[in-house]
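This report concerns only the one structure given below.
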Amino acid sequence: MRTAKMYIPIIVILLLSYSISPVIGQNDSNHFLYGDLLPDAPELAERGDYLIGVRTLELIHKNQPDVANFTKDAKPNYDRPLKVEVWYPAAISTMPETSYSDFIGVANDEKRPLSPFSFKGRAERNALPKNDVGAFPLVIVSHGYLGSRYLMTYLTENLASKGYIVVAIHHTESTFEDPGKFSSTLYHRPLDDLFVLNEMAQKGSEGAEGFLAGMIDAENTALVGYSMGGYGALNAAGAGFSPAFGGFFGQMSGGSDKITERSLANPSYASTVDPRIKAVVAFAPWGMARGVWDSEGLANLKLPVFFVAGDQDDISGYEDGIKAIYDGAVNANRYLLTYKDARHNVAPNPPPAESFQKGMHLDEYLRYAEPVWDQRRINNINQHFVTAFLGIHLKGKDYASYLDLPVDSLEETWEGFKPRTSIGLELRYLDAEK
1 MRTAKMYIPI IVILLLSYSI SPVIGQNDSN HFLYGDLLPD APELAERGDY
51 LIGVRTLELI HKNQPDVANF TKDAKPNYDR PLKVEVWYPA AISTMPETSY
101 SDFIGVANDE KRPLSPFSFK GRAERNALPK NDVGAFPLVI VSHGYLGSRY
151 LMTYLTENLA SKGYIVVAIH HTESTFEDPG KFSSTLYHRP LDDLFVLNEM
201 AQKGSEGAEG FLAGMIDAEN TALVGYSMGG YGALNAAGAG FSPAFGGFFG
251 QMSGGSDKIT ERSLANPSYA STVDPRIKAV VAFAPWGMAR GVWDSEGLAN
301 LKLPVFFVAG DQDDISGYED GIKAIYDGAV NANRYLLTYK DARHNVAPNP
351 PPAESFQKGM HLDEYLRYAE PVWDQRRINN INQHFVTAFL GIHLKGKDYA
401 SYLDLPVDSL EETWEGFKPR TSIGLELRYL DAEK
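Numbering follows UniProt numbering, in which position 372 of the sequence shown is assigned residue number 372; successive positions increment by one, without gaps.
What follows is the structure, encoded as structure tokens:
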């Protein structure tokens, strides 16, 4: 009996320690933040040599078509506001933290009421820039519909730490708090990318005013897009829309044919493809299954492209969607990284803690999460491959061995992956035909 009495408090102490330790861990400054490494993260997922800052800029794209308010009889213009988040190498000496503010829910949706939340990241708000080491390549990031400039901070922070200026667009009329008509997203996505490229080139040039002066090498720019962001990035980079897509757009825009400006059949389209764009990363790009592109439009894509997809994507489609774009982009050197049994969410941050709350609409969790994959694992794998791909094409890094891999990750351990961890993945590659 005495022995049994001695065990009781020991068991109680152990139970209490297990129940308390997660709380201690969450309050510890070393707790896991989006973009941190899991123990099985591949080699190039690790942060780079730079500590980073972050700032918010507000831009105005003047005199743009107000597509959301097009009618049969009126086609107004407006000054289009665009908020962007900029991550950059900073002149600081200790690992920083910041807080990002975003939303769960959707504005004007009674079933999913809009509610703010915040999460931490490893950047310093308004830090002084590290402007004594030359200019950095530019990476422009475009979210999905609906989305946010903070949807992929695991990647934006990571790339900035490796010597890039990373600019994530908060696409007007396409965010959780500002869910405009889909026609606005269809029209403005590629134009937002190109406008931001021009704005950042100006702000980052030698002799410009502001914190980015002399810091941006806009001649070496990459576009990174997720879902509708991938749609826009591909069109901005040369994949002209099909003529038939004009009819689809007209049905939701008062009969407007404005989208045909971005069609390969339009003689003026070719001149809008900016030679400063050297590479594209397209996560689950939307559109192919809806007739957005035809073979001629995809053949006009001539830049290196890294596609990322889930083979069970039920939003963009896989065989008739993302993989069909990959197959059809015959004049681009291109990769296709496939997450087996993944659906559409191969790009976002992990789901926020708020999405776990009892009574929360399931879609708040499914906005971020994959049913099979750990989102943190996806994030680390994306960091690894995007680092390799952009390192080659924007920085001239010798990272080819990280991409020269057998298609099936189980055939042999992939370069940069820890033993037994390259599983559930495929990486395809095709050379440009011309």
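We put the CB at the ideal spot given by N, CA and C, even for glycine. Note that this is a predicted model, so its numbers are computed, not measured.
Within the same chain, Cβ atoms closer than 8 Å to the Cβ of Gly297 are found at Ala239, Gly240, Phe241, Ser242, Ser263, Leu264, the five residues on either side in sequence being excluded. Taking a 10 Å sphere around the C-beta of Lys162, we find 16 or more other C-beta atoms and assign the residue as buried. With a cut-off of 8 Å on Cβ pairs, the segment 318 to 334 is not in contact with the segment 354 to 369, counting fewer than three such pairs.
A Cβ-Cβ separation of about 6 Å places Lys130 in contact with Ala90 under the 8 Å criterion. Residue pairing by DSSP puts Thr338 in a beta bridge opposite Ala309, Glu426.
Assignment of alpha helix (DSSP H) within the UniProt domain "PET hydrolase/cutinase-like" (129 to 237), counting only whole runs of 4 or more residues, yields 153 to 160, 182 to 203, 228 to 236 in chain order.
Between the segment 186 to 200 and the segment 138 to 153 there are three or more C-beta pairs closer than 8 Å, enough to call the two in contact. In this model, Val305 and Glu199 are separated by some 24 Å (Cα to Cα). DSSP places Arg377 within a helical segment (H, G or I) once states are collapsed to three.
Here Pro267 is exposed, its C-beta having fewer than 16 other C-beta atoms within 10 Å. Take Asp102, set aside five residues on each side of it, and the residues of its chain with a beta-carbon closer than 7 Å to its own are Phe117, Ser148, Tyr150, in chain order. Exposure of Glu97 is indicated by the presence of fewer than 16 other C-beta atoms within 10 angstroms of its C-beta. Taking all protein chains shown into account, Ala347 has 16 or more neighbouring C-beta atoms within 10 Å of its C-beta and is therefore buried.
Three or more pairs of CB atoms, one per stretch, sit closer than 8 Å, so the segment 225 to 239 contacts the segment 274 to 291. If you draw a straight line from the Cα of Phe356 to the Cα of Trp373, it is about 17 Å long. Burial check for Arg420: the Cβ neighbour count within 10 Å stays below 16, so the residue is exposed.
Spatial neighbours of Ser401 in its own chain (CB-CB distance under 7 Å, excluding positions within 5 residues in sequence) are listed in chain order as Glu415.
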